[in-house]
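According to the working numbering, the sequence shown is numbered sequentially starting from 1493.
We put the CB at the ideal spot given by N, CA and C, even for glycine.
Keep in mind the model is a prediction, meaning the values are calculated, not measured.
Only one structure is covered here, and it is reproduced in the block below.
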Amino acid sequence: MTAFLLPALRTQVGKGAGEEVSNLETVTAIFEDLSEITATTWYILCGLLTLSVIGLAAKSKARVNVQALVYAGLLISIAFVLSYIRLYRWPQGGSITPASMLPLFVYAYIFGPRAGITAGAAYGLLQLIQDPYILHPVQVLLDYIIAFAALGLAGFARHNLSLGILLGGFGRFFSSFLSGVIFFASYAPEGMSPIVYSLLVNGLIIGTETLVCLAVSLVPQVRHMLATVKSGMTAKGYQG
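Here it is, written out as structure tokens:
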């Protein structure tokens, strides 16, 4: 009997070990891009966080404006790190992240469109420093600066976060869509219009990311936390 049981047991153990290795590889693949972040970028992120801590400790008459800068540093840093955690990679490029755009939507929601657009542009510049893909100055503006600054459009819907997320997501999509039509037309399959190709690719990638952000923002605990922070800033006189 033992002679028959041992091979079966070894098979089950082997399968279990194989599944553990497979799961480990999956987890490693999700986080492996964090190792691509350069030392320069880490220094910038650490600088942002340090300034945020100093700002939190500051006692100034302009404390509200200081807090706006503090939140900018914190949320830009969080968004950047989340953008390098890839849950899924699209064959066409791009990936699904754990709601990496949400911190920027939240910042615009709390502090308004002007602050949100500025923070988004700063985030886009950070992405450009870390992973530049440059074909033309206009393409750089569309893919990095304008695209991420557009996330700040969420600030125009300060009484409706869900609407703000959709507005900011569409802003980024439109900028990337224009870049795709103008500068990446050669990537379109033969017989397909560059307009249709850019619409499909950017709609799939950015649309999915936007929906993930929307889903996370609808979690009751998240919504309550954001409402509390926003009401606190409003009580301190911040108008955006």
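Host alpha helix (DSSP H) of N1694 (start-end): Translated into positions along the sequence shown, residue 1694 becomes position 202. Note, N1694: alpha helix (DSSP H), 1686–1709.
Environment of F1523 [buried if 16+ CB atoms lie within 10 Å]: Residue numbering aside, residue 1523 sits at position 31 when the sequence shown is read from its first letter. So F1523 counts as exposed.
Assumed close pair G1644, I1609 - CB separation to whole angstroms, cut-off 8 Å: Position 152 of the sequence shown, counting from 1, holds the residue named residue 1644. Position 117 of the sequence shown, counting from 1, holds the residue named residue 1609. So it is a contact: roughly 3 Å between Cβ atoms.
Counted within 10 angstroms of its Cβ, other Cβ atoms place I1698 as buried (16 or more) or exposed: Residue 1698 sits at position 206 when you count from the first residue of the sequence shown. Taking every protein chain shown into account, the CB of I1698 has 16 or more other CB atoms within 10 angstroms, so this residue is buried.
Supposed close pair L1540, S1569 - CB separation, criterion 8 Å: Counting from 1 along the sequence shown, the entry for residue 1540 is found at position 48. Counting from 1 along the sequence shown, the entry for residue 1569 is found at position 77. Contact flag correct, Cβ pair sits at about 5 Å.
Backbone secondary structure at R1578 - three-state DSSP: Taking the sequence shown and counting its residues from 1, one reaches residue 1578 at position 86. Three-state result, R1578: coil.
Straight-line Cα distance separating G1672 from H1651: One-based indexing of the sequence shown puts residue 1651 at position 159. One-based indexing of the sequence shown puts residue 1672 at position 180. Rounded to whole angstroms, H1651 to G1672 spans 33 Å at the Cα level.
E1701 CB to nearest heavy atom of the ligand NAP below 6 Å: Inclusion of the ligand NAP in the displayed structure is not the case, the ligand content being empty and no account of it being possible.
Distance, S1678 Cα to A1646 Cα: By 1-based counting over the sequence shown, the position of residue 1646 is 154. By 1-based counting over the sequence shown, the position of residue 1678 is 186. Distance between the alpha carbons of A1646 and S1678 is about 32 Å.
Given L1691 as reference, the closest of A1707, V1704, L1703, I1674 once Cα atoms are compared: The residue labelled residue 1691 in the question sits at position 199 within the sequence shown. Answer by Cα proximity: I1674.
Same chain, Cβ closer than 6 Å to V1450, five either side skipped, listed in chain order: Residue 1450 cannot be examined here, being either before or after the span of the chain that is shown, 1493 to 1732.
Whole-number beta carbon distance between F1597 and G1660, since they are thought to touch under 8 Å: Against the sequence shown, residue 1660 aligns to sequence position 168. Against the sequence shown, residue 1597 aligns to sequence position 105. Confirmed, about 5 Å.
Residue ranges of each alpha helix (DSSP H) within the region 1646–1674, 4 or longer: Within the region 1646–1674, no complete alpha helix (DSSP H) run reaches 4 residues.
Test item: CB-CB of R1606 and A1639 under 7 Å: The residue labelled residue 1606 in the question sits at position 114 within the sequence shown. The residue labelled residue 1639 in the question sits at position 147 within the sequence shown. Between R1606 and A1639, the C-beta gap is not smaller than 7 Å, which leaves the two residues out of contact.
For I1637, the three-state DSSP class (helix, strand or coil): Walking along the sequence shown from the start, residue 1637 turns up at place 145. Helix, per DSSP.
S1723 versus F1572 - alpha carbon distance: By 1-based counting over the sequence shown, the position of residue 1723 is 231. By 1-based counting over the sequence shown, the position of residue 1572 is 80. One C-alpha to the other measures close to 26 Å.
Simplified DSSP state of S1592, which is helix, strand or coil: In the sequence shown, residue 1592 corresponds to position 100, counting from 1. DSSP places S1592 in coil when its eight states are reduced to three.
C-alpha gap between D1635 and W1582, whole angstroms: Taking the first residue of the sequence shown as position 1, residue 1635 is located at position 143. Taking the first residue of the sequence shown as position 1, residue 1582 is located at position 90. Within the model, the alpha-carbon separation for D1635 versus W1582 is close to 17 Å.
A1680: first and last residue of the uninterrupted alpha helix (DSSP H) it sits in: Position 188 of the sequence shown holds residue 1680. For A1680, there is no enclosing alpha helix (DSSP H), since its DSSP letter is neither H nor E.
Length of the line joining the Cα atoms of I1687 and I1536: Within the sequence shown, numbered from 1, the residue matching residue 1687 stands at position 195. Within the sequence shown, numbered from 1, the residue matching residue 1536 stands at position 44. Approximately 37 Å, taken between the alpha carbons.
Candidates G1683, L1706, Y1599: closest to Y1615 by CA position: By one-based count along the sequence shown, residue 1615 stands at place 123. When only C-alpha atoms are compared, the closest one is Y1599.
Inter-residue Cα distance where the pair is Y1601 and L1718: In the sequence shown, counting from the first residue as 1, residue 1601 sits at position 109. In the sequence shown, counting from the first residue as 1, residue 1718 sits at position 226. Y1601 and L1718: Cα-Cα distance of roughly 9 Å.
Reference T1530; option with closest CA among V1558, G1683, Y1576, Q1559: In the sequence shown, counting from the first residue as 1, residue 1530 sits at position 38. Taking T1530 as reference, the option from V1558, G1683, Y1576, Q1559 with the minimal CA-CA separation is Y1576.
Residue span of the alpha helix (DSSP H) that contains A1613, given as start and end: As a first step, residue 1613 is located in the sequence shown; it is residue number 121 there, counting from the start. Where A1613 is concerned, the enclosing alpha helix (DSSP H) stretches over 1605–1622.
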